[in-house]
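For the record, the sequence lines run as chains Y and C. Quick note, the first sequence lines up with residues 1 to 354 if you use the numbering used here. Quick note, the second sequence lines up with residues 355 to 708 if you use the numbering used here.
Protein chains: 2
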Amino acid sequence: MITLNVDLNDRSYPIYIGAGLLSHNSPVLQHIPAKRLCIVTNDIIAPLYLTKLKNILTGYLLDEIILPDGEAEKSLANFDKIMSHMLANGHGRDSTLIALGGGVIGDITGFAAACYQRGIHFIQIPTTLLSQVDSSVGGKTAVNHPLGKNMIGAFYQPQAVLIDTHSLKTLPVREFNAGMAEVIKYGILADKDFFSWLEQNRQKIKNNDEETLVEMIARCCQCKADIVAADEKEANIRALLNLGHTFGHAIEAEQGYGAWLHGEAVATGMVLAAKLAVTMNLLEVSDLRRIENLLSYFDLPLNAPADMGFNEFLIHMRRDKKNLAGKLRLIIPTAIGRTEIRDDISEELLKQIL
Amino acid sequence: MITLNVDLNDRSYPIYIGAGLLSHNSPVLQHIPAKRLCIVTNDIIAPLYLTKLKNILTGYLLDEIILPDGEAEKSLANFDKIMSHMLANGHGRDSTLIALGGGVIGDITGFAAACYQRGIHFIQIPTTLLSQVDSSVGGKTAVNHPLGKNMIGAFYQPQAVLIDTHSLKTLPVREFNAGMAEVIKYGILADKDFFSWLEQNRQKIKNNDEETLVEMIARCCQCKADIVAADEKEANIRALLNLGHTFGHAIEAEQGYGAWLHGEAVATGMVLAAKLAVTMNLLEVSDLRRIENLLSYFDLPLNAPADMGFNEFLIHMRRDKKNLAGKLRLIIPTAIGRTEIRDDISEELLKQIL
Chain Y
1 MITLNVDLND RSYPIYIGAG LLSHNSPVLQ HIPAKRLCIV TNDIIAPLYL TKLKNILTGY
61 LLDEIILPDG EAEKSLANFD KIMSHMLANG HGRDSTLIAL GGGVIGDITG FAAACYQRGI
121 HFIQIPTTLL SQVDSSVGGK TAVNHPLGKN MIGAFYQPQA VLIDTHSLKT LPVREFNAGM
181 AEVIKYGILA DKDFFSWLEQ NRQKIKNNDE ETLVEMIARC CQCKADIVAA DEKEANIRAL
241 LNLGHTFGHA IEAEQGYGAW LHGEAVATGM VLAAKLAVTM NLLEVSDLRR IENLLSYFDL
301 PLNAPADMGF NEFLIHMRRD KKNLAGKLRL IIPTAIGRTE IRDDISEELL KQIL
Chain C
355 MITLNVDLND RSYPIYIGAG LLSHNSPVLQ HIPAKRLCIV TNDIIAPLYL TKLKNILTGY
415 LLDEIILPDG EAEKSLANFD KIMSHMLANG HGRDSTLIAL GGGVIGDITG FAAACYQRGI
475 HFIQIPTTLL SQVDSSVGGK TAVNHPLGKN MIGAFYQPQA VLIDTHSLKT LPVREFNAGM
535 AEVIKYGILA DKDFFSWLEQ NRQKIKNNDE ETLVEMIARC CQCKADIVAA DEKEANIRAL
595 LNLGHTFGHA IEAEQGYGAW LHGEAVATGM VLAAKLAVTM NLLEVSDLRR IENLLSYFDL
655 PLNAPADMGF NEFLIHMRRD KKNLAGKLRL IIPTAIGRTE IRDDISEELL KQIL
């Protein structure tokens, strides 16, 4: 087991990463302050892991909320459903919410924990690769609004995160690969050694080699934890984590949430950002090729949907949270392991690559 | 003008208190970071002060949301309405939300500011006595749930608070008096000199003497600011501010929100807490009489509703947020200017005074 510490002063918390952590004498138990617990999960994860989790939590007063699977469930209506369930079951301010599932479950449960009686304890057990390397670190919680993803939310840190790599065995290959897009993202944006390590270990990763997966996830979490510790509220460098996301969110919004997986949209978004950088003479073509090759190895899409051109992207990109005072901002890779926030991208340039 | 500073490290903010601050070159303008603003108010306050406020804010891109008046509007549905309005009007993370109104408007607008794109700037202009001395200090924001008041919310601090005592001239007498219950509360719970000052100045207060009102409000805000600075998240002494509120919330819930004004319910709640203290030999009868007399002078109710006995109170009090591990906790005055949190109140004792 690897234990990382996310350093945020009085909101610091540990991430436990290992194979089989959900069946051992779990380190997460020490982070539950009182006997009352509520587990939030979905109807895909519940049959696989809910009983396992409940078996660890003997001696607690447990109840559970099982949502349908899918991004569409990350709604204010389901947030309300969690609130109503908690109140109807008499949960107090010393209750703990546990998120068992992927990013959708983590985000909505975290937001519920942030708001229930103005904030209760919260533990994350991410079961998808994407949520393990991304949404479980950094305290971004949210629900979607029909007019935009993650528009209603809070910065709220969990008490602890438990990552059991065993859960990746039951993850569909397409979702595992989508998670790899975010893994590769860390290499591109901040760590060229990690990018090379991924190139060297790609076969072991594809074969679900446990030791390799634990190391890979730990390196991603450490990378994100370092960035979040330096800039919790995204005043500056935390924005770099959005590499590929401005294009990606546009794809997800235009195609309808769920048609493309988030990681797939981010993969294409990173390629588009890299192409923009090449056009601007900021990135070597050889680096673009390495990015494309590694993404391809994990069967990730490199091109925008056939029905999306310049105009379709622009409508959505103008609505991005990173924009200030109406200007478009984009994260651009300038080498493997180095990214910049640029405000000087003309619509003309954007047109060339789309 | 009196300026107080609420000391919360990087979340510190000023409170400006004075007569006519809404028509002067307002000190609040320096706390707005960008040109986009949205004002949230209600249909009682809008005809009285919205134009006045907009005249101060020339040069800004303004829009507004006017909710119906009343506690029932502090709902998740209206929170959603604010989110939708903000998104539809293209507000970004540098927009500012301004709450113009009483506690309902302040609470829901503050919660909206806390959650919109995970947090934007927020300015409070409380127009009722209650919101000026209570909800504008301390960062408690929330909406109600059908199963309980303020059950969905966040701790979120404004950039600044502007209190213009002129707004009290248009406040109905019954609401002014309800606000006086919270004013008197500060005297009972923490400041016996202030309680005496209120006894001496009660006629000036009733006559709306401006200088007296500015001093009174400033003393209340300072008292609350000191307590909040010592305990922002209500881990301990902040709970003392709930004097009278456990009984009060039970009255409001049982009678239906709005039948009794919040301050009226708190007035009765404080008398019940004081009676409990007398029964336990913790408070002199003469202090109970002084409390009753001062509340009476402002026409506040001293007795529980005729249709509420022990059982009706108990159902609601068991659901209180202060309760830990199922035990009832109550705030009890032990003298004018001194209160304690007690866990040792038996249901038998409660029965004697109800």
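Cβ atoms here follow ideal geometry from the backbone N, Cα and C, with glycine treated the same way.
At a cut-off of 7 angstroms, the C-beta of residue 476/C has no neighbouring C-beta in chain Y.
Going by DSSP, residue 124/Y is part of the beta strand (DSSP E) stretching over 121-126. Under the 8 angstroms Cβ criterion, the region 167-181 of chain Y does not count as touching the region 325-339 of chain Y, having fewer than three qualifying pairs. Along the region 150-161 of chain Y, the positions whose C-beta sits under 7 angstroms from a C-beta of chain C are 151, 152, 153, 154 and 155, read in chain order. In the three-state DSSP reduction, residue 652/C falls in the coil class, being neither helix nor strand. Residues of chain Y whose Cβ lies closer than 9 angstroms to the Cβ of residue 438/C are, in chain order, 145, 146 and 147. Residue environment: residue 304/Y is assigned as buried (16 or more neighbouring CB atoms within 10 Å of its CB, all protein chains considered).
Listed by position along chain Y, the residues whose Cβ is nearer than 7 angstroms to that of residue 435/C form an empty set, because the closest Cβ is around 11 angstroms away. About 31 angstroms separates the beta carbons of residue 688/C and residue 613/C, which is beyond the 8 angstroms limit, so they are not a contact pair. In this structure, the beta-carbon distance from residue 217/Y to residue 17/Y falls below 7 angstroms. The three-state secondary structure of residue 58/Y, taken from DSSP, is coil.
Secondary structure note for residue 13/Y: its beta strand (DSSP E) is the uninterrupted segment 13-18. Between the alpha carbons of residue 359/C and residue 483/C lies a gap of roughly 19 angstroms. In the structure shown, residue 32/Y adopts coil according to DSSP, grouped into three states.
Within chain C, the residues placing a beta-carbon under 8 angstroms from that of residue 142/Y are 472, ordered along the chain. Taking CB atoms only, residue 415/C has no neighbour in chain Y less than 7 angstroms away.
In the structure shown, residue 396/C adopts extended strand secondary structure according to DSSP, grouped into three states. For residue 268/Y, the closest C-alpha among the options 233/Y, 83/Y, 243/Y and 74/Y is that of 243/Y. Here the alpha carbons of residue 132/Y and residue 98/Y stand approximately 15 angstroms from one another.
The DSSP-derived three-state label of residue 161/Y is strand. Here residue 511/C is buried: its Cβ has 16 or more other Cβ atoms, across all protein chains shown, within 10 Å. Judged by DSSP in its simplified three-state form, residue 99/Y adopts strand. Taking residue 707/C as the centre and dropping the five residues before and after it, the same chain places the C-beta of 626, 629, 630 and 633 closer than 7 angstroms to its C-beta, in chain order. According to DSSP, residue 499/C shares a beta bridge with 502/C.
Shown here, residue 191/Y sits in coil according to DSSP, grouped into three states, outside any helix or strand. At a Cβ-Cβ threshold of 7 angstroms, residue 519/C and residue 402/C do not count as neighbours. Taking 9 angstroms as the upper bound on Cβ-Cβ separation, chain C lies near no residue of the region 170-203 of chain Y.
Nearest C-alpha to residue 462/C among 448/C, 477/C and 449/C: 477/C. A residue is called buried when at least 16 other Cβ atoms come within 10 angstroms of its Cβ; residue 384/C does not meet this threshold and is exposed. Contact holds between the region 139-156 of chain Y and the region 434-441 of chain C, because three or more Cβ pairs, one in each stretch, are under 8 angstroms apart. Of the candidates 568/C, 587/C, 693/C and 465/C, the residue whose Cα lies closest to the Cα of residue 93/Y is 587/C. When rounded, the separation of the alpha-carbon atoms in residue 250/Y and residue 319/Y is 9 angstroms.
DSSP links residue 509/C through a beta bridge to 494/C. When DSSP states are grouped into helix, strand and coil, residue 642/C belongs to the helix group.
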